Amino acid sequence: MATGVTANRAELIAIANSVASEKMIDKAIVIEAMEDAIQRAARTRYGQEMDIRAKLDPNNGDLRLWRVVEVVELVDDIYKQVDLKGAQKLQDGAQLGDFLVDPLPPIEFGRIQAQAAKQTIFQKVRDAERERQYEEFKDRAGEIITGVVKRVEFGHIVVDLGRAVGVIRRDAQIPREVVRVNDRIRSLILKVVRENRGPQIFLSRAHPDFMKKLFAQEVPEIYDGIIEIKAAARDPGSRAKIGVISHDSSIDPVGACVGMKGSRVQAVVQEMQGEKIDIIPWSPDTATFVVNALQPANVARVLIDEEDDRIEVVVPDDQLSLAIGRRGQNVRLASQLTAKAIDILTETDSSEKRQAEFVKNSDTFQNELDVDETLAQLLVAEGFSELEEVAYVELDELAGIEGFDEDLAQELQSRAQEALERRETAQREERRALGVEDALAELPYMTEAMLVTLGKAGIKTLDDLADLATDELIEKKRQEPRRRNDDAPKRPEHKGGVLGAYGLSEEQGNEMIMAARAHWFEDEPASASENAEPEAEEAARD
């Protein structure tokens with residue numbers, strides 16, 4: 001490159017063309033880099049204070065060098081200014097305020113100037129190359145790309161992508177996969193980040209989308225949009241599940257993904273290092289999809305708790321291990337696939353649970369409503385589980401139970417309402433004993449039960465509640481899917497918000513917190529008027 005700076009015209013243009021072609025950047029950028037290098041060298045020769053410009057003709061290599069000076073009445077900077085008399089010598093008719101071009105003779109590049117010019121050109125070309133790489137890859141996130149393993153550093157795989165370099169971090173690799181230098185490798189472009197040292201291209205072979213894209217390459221119906229992969233979950237290197245649906249009733253989505261004698265799915269399995277793939281028909285019905293997702297286990301019953309966004313799955317006793325899978329793998333993948341927390345119960349466990357709930361609810365009705373055991377059990381058998389349901393259900397629905405009449409229904413509702421009032425009174429006394437102030441009881445959606453919960457959590461004043469964020473107040477407790485495996489490691493539960501068990505929405509939580517904060521702003525107008533009064537009195541005295 002040093003030779004290029006001192007080369008003749010033809011050689012300068014040839015070098016510019018060569019560099020632009022090799023680095024795949026615009027020739028104009030290389031020419032601009034050369035001009036910048038020549039300007040730097042000229043300032044070294046004629047003075048750093050001068051405003052020196054260089055222009056290299058990209059067609060014939062002609063080089064023009066000049067300095068720019070301003071015509072002024074009184075010269076303060078002799079390097080960038082000239083008086084009117086001097087300006088007349090440079091250009092006839094020059095006037096004050098004009099900027100004139102003062103041609104400079106060509107310069108000879110010594111060793112130091114040539115090296116500096118070389119560094120300048122290299123830096124400009126590197127910057128342009130990095131920008132070109134970023135522009136090329138910035139919109140390609142989600143694509144599969146093939147590269148060559150360049151090196152392995154600290155467990156991370158550096159991949160040569162041809163025009164750029166990407167990295168597969170350790171957590172984005174398939175476990176136990178052996179990769180060697182110069183191996184060709186396919187991966188998913190996760191994201192592209194602009195950095196000073198060049199764009200960072202993060203790749204992945206463990207992401208579920210990598211499997212989706214591989215299927216799209218192997219199954220034409222997916223590429224054409226006839227079959228859609230609605231959900232995917234992976235335990236990289238071990239097992240995966242995908243939920244597929246066909247938009248053409250004549251095409252079986254599972255069969256199309258498997259292919260003739262399994263040819264299509266086997267091509268994906270081989271690329272993912274033998275990872276077993278369960279292809280499952282997707283269904284908009286959550287219960288049906290959960291049953292499919294837990295294959296190969298048979299499911300007896302599915303109970304959906306929409307309030308807590310959880311699903312309870314009951315399986316035959318001999319299917320428990322199959323439903324859970326090795327180390328909880330099957331239920332974990334099914335939970336990821338359906339985006340629901342799944343609890344696995346055997347039919348025996350489910351029966352015991354239902355029986356315990358039946359007894360508990362019967363005892364509650366028997367004690368609170370002051371009825372006999374038979375009547376309490378009849379209410380539970382009809383689907384009633386809480387006093388509120390008995391107290392506020394339509395009278396006709398309660399009277400319509402076999403053996404009931406309207407008088408009995410009215411009496412039960414009256415007793416249920418009285419029981420709720422007694423409960424609320426007891427809770428009011430408890431929260432006052434906890435020191436919870438009455439002002440909290442006036443907040444929207446607040447109940448005495450909530451106030452007791454707040455008091456036990458140390459939240460006793462409006463300011464205490466006002467200091468909370470919404471998720472700290474109402475976020476529900478999250479749990480890992482229950483696997484009914486005593487040998488499985490116990491994972492800590494997410495504690496959730498203080499009132500997370502009461503089913504409040506985010507909007508309701510926000511409204512409660514804003515109402516608690518309202519008193520913070522009540523004094524502001526008053527304080528503003530107080531400040532204004534002394535000013536008015538002072539103005540009157542003046």
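Letter 121 of the sequence shown, counting from 1, is numbered 121 in the working numbering, and no numbers are missing. Beta carbons are placed, not taken as given, at the ideal position from N, Cα and C, and that holds for glycine. Since the model is a prediction, treat every value here as computed from it, not as a measurement.
For Arg169, the CB contacts under 6 Å within the same chain, skipping 5 residues up- and downstream, are His156 in chain order. Distance from the Cα of Gly259 is smallest, within the candidate group Pro236, Val314, Glu228 and Pro220, for Pro220. Nearest to Val192 by alpha-carbon distance, out of Gly142, Arg423, Glu73 and Pro236, is Gly142. Cβ-Cβ separation between Gly147 and Asp139: approximately 18 Å, too far for a contact (criterion under 8 Å). For Val452, the uninterrupted alpha helix (DSSP H) run begins and ends at Glu448 to Lys456, by DSSP. When DSSP states are grouped into helix, strand and coil, Pro220 belongs to the helix group.
Relative to the Cα of Pro199, the nearest Cα in the group Ala501, Asp285, Arg163 and Asp83 belongs to Arg163.
Residue environment analysis places Pro175 among the exposed positions, since fewer than 16 neighbouring C-beta atoms fall within 10 angstroms of its C-beta. The straight-line gap separating the alpha-carbon atoms of Val149 and Val302 is approximately 47 Å. Counting every other CB atom within 10 Å of its CB across the protein chains shown gives Ala469 a total below 16, marking it as exposed. For Ile474, the secondary structure class from DSSP, reduced to helix, strand or coil, is helix. By DSSP's assignment, His247 forms no beta bridge with any residue. Taking a C-beta distance under 8 Å as the contact criterion, Ala409 and Leu395 qualify as a contact pair.
Under the rule that a run must span 4 or more residues, the alpha helix (DSSP H) segments found entirely inside the region 321-398 read 329-338, 347-368, 373-381 and 387-392.
Tyr223 and Phe210 have their C-alpha atoms roughly 14 Å apart. For Phe154, the secondary structure class from DSSP, reduced to helix, strand or coil, is coil. Between the C-alpha atoms of Asn182 and Ile38 there is a straight-line separation of about 41 Å. Of Val71, Asp77, Asp363 and Leu440, the smallest CA-CA separation from Gly93 is found for Val71. In the DSSP secondary-structure assignment, Pro316 is not bridged to any residue. Bounds of any alpha helix (DSSP H) do not take in Phe202; it lies within the beta strand (DSSP E) bounded by Gln200 to Ser204. Between Asn298 and Val315, the gap from beta carbon to beta carbon is short of 8 Å. Judged by their CB atoms, Gly497 and Asp467 are not nearer to each other than the 8 Å cut-off.
The residues Ala16, Asn17, Ala20 and Pro58, in chain order, have a CB closer than 7 Å to that of Lys27 in the same chain once the five nearest residues on each side in sequence are set aside. Across the structure, Val393 and Val380 are spaced so that their CA atoms are roughly 14 Å apart.
Residue state for Asp36 is assigned as helix, using DSSP reduced to three classes. If you draw a 10 Å sphere on the C-beta of Arg151, you find fewer than 16 other C-beta atoms in it, and that means exposed.
Looking at the backbone, the Cα of Asp318 and that of Thr346 are separated by about 8 Å.
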